[in-house]
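Contents: one structure, followed by commentary.
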Amino acid sequence: MKKITKRFPGVLALNDVSLTLKAGEVHALLGENGAGKSTLIKVLGGIYIAEEGEIYIEGQKVTIDGVKAAQENGIAIIHQELVLVPHMTVAENIFLGREPMSGHFVNSKKMTEDAQQLLDAYHMNIKADMLVGKLTIAQQQMVEIVKAISFNSKILVMDEPTSSISDKEVEFLFATMRNLTAKGVGIIYISHKMSELEQICDRVTVMRDGEYVGTKVVKETNKDELIAMMVGRELTNYYTRDFLEPGEVVLQCSHISDGHMAKDASFEVRKGEIVGFAGLVGAGRSEVMKCIFGLTKGYKGEIYIDGKKVEIKSPIDAMKYGIALVPEDRKQEALYKIQSVRYNSTIEVLGSFIKGIFVDNAKEEEITQRYIDMLSTKTPTQDQLVGNLSGGNQQKVVIGRWLATDPRILILDEPTRGVDVGAKSEIYAIMNELVKKGMSIIMISSELPEIINMSDRIYVMNEGNITGCLDRHEVSQESIMKLAAN
Amino acid sequence: MAQGKEKKKQNAAASGFGKAAKIYFKENAGIIVALLVLCIFLSVNPLTSFSFLTQKNVFNVLRQISTNLYLACGMTMVIILGGIDLSVGSIIALSGCLAAGCVSRYNLPIAVAILVGILVGLVVGMFNGWVIAKTTIPPFIVTLATMNIAKGLAYVYTGGSPVRVVTKEWQFIGAGYIGPVPTPVVILVLVLIITAIIMNKTKLGRHLYAVGGNAQAAQFSGISVAKVKFLVHTYSGIMAGLAGVVLASRMYSGQPTAGDGAEMDAIAAVVVGGTSMAGGSGKIGGTIIGGLIIGVLNNGLNLMNVNSFWQYVVKGCVILLAVYVDYVRNKKSKL
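Same order as they appear, the protein sequences are chains A and B.
The letter at position 100 of the first sequence is residue 1340 when you use the numbering used here, and the numbering goes up by one with no holes.
The letter at position 171 of the second sequence is residue 488 when you use the numbering used here, and the numbering goes up by one with no holes.
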């Protein structure tokens, strides 16, 4: 892939990125969240079309203008979320859309036999007539791989294949990958786990902010060098933060666990402090916050507000203690897209202007306007549907909605995700104002520069546990990544 | 001074009302035009012009659509939630039979009979709401089950034959008049006002759109999704119970076959009225027009002596057309 450039409205997702994959090698693609790895892969797979750049396969220039074209050129992608049909058999999934026919009917027998042959060739202990839904995640992954191979793919892309399988299954996956490379297949391997690089990869390419940083031979580099390449951007100065001495402890949580993603998290938050939560995706940060906000039923652990133990069993309880949560996934967890800005701004505080059947429309408008002004949200009118606003303005509406509840502790989960640079800077300034007035903020963020520049202290989580707490004076991107990647 | 203030207030109220009316016409422009075209056609068509615009016929149409609109009030809210209530037709049968039975079999006062009928709806609605709120079984399945249960119970209670009521006063609620206006139409006006208030003026109304538009976000907002579902289905049940009583009164009997297919007419009124089956959007104002279109259409076809078998075909086409026009409009506004 040469000089690939891909633009999205307002964002340059890929800028002049090149990648060379040799036959029979495993090539790791490394970068922070949002570095452009997925976008690059999607260009290769024909899901996105690049504005600039060329793709060559075995020296021949090819045009990939769709998923089908990618398949025909021997490119197969195994996505992080598996895309098999659970109610169909393994064989049916492998041959989906190109079933062997006899006359007008699908030849099920031949299909099952062919599929079994493929499975056996890679020593996979899977029966071709089993329903995919009955298989484990790892087995489903194997089926995806077999499916990919059955297209005679020469280029295989695997997007975080080990994120949800056990160590033993990882070993088998690696064995299968070696088996494939021995046959001349080139594999692009995306993973957050540094330790896997040494085990399976030959070369590694690092990306950052949609740009190509460099390519190294795995044996000739080390973890520290790669981390430095991943995070080594120069820090821009759009962070506003006046560090004041924080006050007394307002929130203390001990041994929070939801028995699944969040295993054991103990931490405290002071008045007027921004506490950052860093870690990789899936480290359990959001899950801890969901417990504290009463969204997770039957979580374990204790919560103290102002030193007093409290029971939080629902968001209503949490709000009563002055906690507000701006969730990670704006679209799914916060926005009522087909409703107006006004509706979205006031949904948490209906009680302040609706008494029985009497609605104080003027007050409703006033509340909405207050937070539009405070956050300088850009919307033509209060009646504008929130779904028509830009990501940054949508986020401001959601933040405003929670500020209207007058919280003491504001939890912001990835507050600047999908937000353009200008609005980001404004959100930082607002956060600074809020803590100066005595609010406490917990900020989950996967963007290291953001979390380092805004936080008084940073807790780092890994696999559901807090692996460390760094003071702002001792924090560095490397120290966070070390704690996060373990 | 005080007078000036009063006047200002009145002006504000008038402009507020004017604004609301403007928005209302704009939102429902398509179906209002359709309704007007239909009415004008029936007023000038030589086959129907002599009878269509008479007071008798207008009240007749309104009386005919009133029970459908009771159901449609509940159904609008259920569909905004993203659900459906198939049980309302059967509730009509069960509520009507039990209410009629109270009068003719047990000689209970008429007020008690009416209350019993509404209570039947309340109980079935609460049951629907409880199962839907507590489990993830789709509302379609839950209400399909209670539809059969309620229908079956109506047959069990009546043995399959109508429960006749000879008490004269029984006819008041369904076939009587208050002044010149048929009683069901007066009840309809009350029901519409109550529904409009619930949907537009209460917290429950706001929560309804939140749950229907994005249930997960509603949960993050601390809205009790289960409570909203329970209350809305209960309300739909009450409306069906009321419709059952009114119909049993109009027919002088509780009939186990009453309300057959009524749920479909209610759903038709709601979707013709512009409420999306996907949930999260819709207004009671649209449902009123939807109910009127279906009612006027039925009436017109009757006045024109169109074979009742063909009436179904025409009705089906009109529903499809109305929803298609809405679909095209939405598609345009999204681009």
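For each residue, glycine too, the CB sits at the ideal point set by N, CA and C.
**Neighbour-count burial assignment, Thr-592(B), 16 or more Cβ in a 10 Å radius** = buried
**Request:** Within 10 angstroms of the Cβ of Trp-1642(A), are there 16 or more other Cβ atoms? Answer buried if so, exposed if not.
**Result:** buried
**Message:** Just to confirm the assignment, what range does the alpha helix (DSSP H) spanning Asn-465(B) have?
**Reply:** 456–475
**Request:** Write down the C-beta distance between Ile-1563(A) and Met-1671(A) rounded to the nearest angstrom, noting that I regard them as a contact closer than 8 Å.
**Result:** Contact flag wrong, Cβ pair sits at about 16 Å.
**Prompt:** Does the distance from the C-beta atom of Leu-388(B) to that of Ala-557(B) stay below 7 Å?
**Reply:** yes
**Prompt:** Under a CB-based cut-off of 7 Å, is Pro-1655(A) close to chain B?
**Reply:** no
**Prompt:** The beta strand (DSSP E) with Asn-1705(A) in it runs from where to where?
**Reply:** 1705–1711
**Asked** Near Val-395(B), which residues of its chain fall below 8 Å by C-beta distance, leaving aside the five closest residues on each side in sequence?
**Response** Ile-401, Asp-402, Pro-456, Val-549, His-550, Ser-553
**Message:** Just checking: is the beta-carbon of Gly-496(B) within a distance shorter than 7 Å of some beta-carbon in chain A?
**Reply:** no
**Asked** Ala-1564(A) CB to nearest chain B CB: under 7 Å?
**Response** no
**heavy atom of the ligand GTP below 6 Å from Ile-495(B) C-beta** = Ligands displayed in this structure: none; no statement on the ligand GTP is therefore possible.
**Message:** Please tell me whether Ile-601(B) and Met-516(B) are closer than 7 Å, where the distance is taken between their beta carbons.
**Reply:** yes
**Message:** Tell me which residue opens and which closes the beta strand (DSSP E) that Val-1490(A) is part of.
**Reply:** 1489–1497
**Asked** Asp-1613(A) lies in the alpha helix (DSSP H); which residues open and close that run?
**Response** 1601–1614
**Item:** N- and C-terminal bounds of the beta strand (DSSP E) containing Val-1397(A)
**Value:** 1395–1399
**Item:** Close Cβ partners of Leu-1322(A) (< 7 Å) along its chain, the five nearest in sequence each way excluded
**Value:** Gln-1380, Gln-1381, Glu-1384
**Request:** Measure from the C-beta of Gly-539(B) to each C-beta in chain A and report whether the shortest distance is under 7 Å.
**Result:** yes
**Asked** What residues in the region 517–535 of chain B bring their beta carbon closer than 7 Å to a beta carbon of chain A?
**Response** Lys-518, Thr-519, Lys-520, Arg-523, Tyr-526, Ala-527, Gly-530, Asn-531, Gln-533, Ala-534
**Beta-carbon proximity list for Asp-1546(A), same chain, < 7 Å, skipping 5 on both sides** = Val-1490
**Request:** Tell me whether the beta-carbon of Cys-390(B) lies closer than 7 Å to the beta-carbon of Thr-500(B).
**Result:** no
**Option nearest Ser-1506(A) by Cα separation, candidates Val-1700(A), Gly-1271(A), Phe-1593(A), Val-1266(A)** = Val-1700(A)
**Asked** DSSP state of Ser-1506(A), grouped into three classes?
**Response** strand
**Close beta carbons around Ser-368(B), own chain, < 8 Å, minus the five adjacent residues each side** = Asn-374, Leu-620
**Asked** Touching or not, the region 476–491 of chain B and the region 564–576 of chain B, by the rule of three or more beta carbon pairs under 8 Å?
**Response** yes
**Item:** Buried or exposed (CB count within 10 angstroms, at least 16 for buried), Met-1341(A)
**Value:** exposed
**Asked** Alpha carbon to alpha carbon, what distance is there between Gln-488(B) and Glu-580(B)?
**Response** 24 Å
**Item:** Run of the beta strand (DSSP E) containing Lys-1548(A), from where it starts to where it stops
**Value:** 1548–1550
**Request:** Please look up how many angstroms separate the CB atoms of Val-588(B) and Val-640(B), rounded, as I've assumed it's under 8 Å.
**Result:** 6 Å
**Request:** Let me know the secondary structure DSSP gives Ile-1297(A) once reduced to three states.
**Result:** strand
**Message:** Going by DSSP in three states, Val-498(B) sits in which element: helix, strand or coil?
**Reply:** strand
**Message:** For Met-1364(A) and Ile-1496(A), I'd like the C-alpha separation in whole angstroms.
**Reply:** 40 Å
**Prompt:** What residues from the region 1563–1591 of chain A come within 8 Å of chain B, judged by C-beta to C-beta, listed N to C?
**Reply:** Leu-1565, Pro-1567, Gln-1572, Glu-1573, Ala-1574, Leu-1575, Tyr-1576, Lys-1577, Ile-1578, Gln-1579, Tyr-1583, Ile-1587, Glu-1588, Leu-1590, Gly-1591
**Request:** Return the first residue and the last residue of the alpha helix (DSSP H) that Glu-1465(A) is part of.
**Result:** 1463–1471
**Request:** Whole angstroms is fine: what's the gap from Leu-1629(A)'s alpha carbon to Thr-1608(A)'s?
**Result:** 15 Å
**Request:** Determine, using beta carbons only, whether Ala-410(B) and Val-420(B) come nearer to each other than 7 Å.
**Result:** no
**Prompt:** In or out: Val-405(B) buried (at least 16 other Cβ within 10 Å) or exposed?
**Reply:** buried
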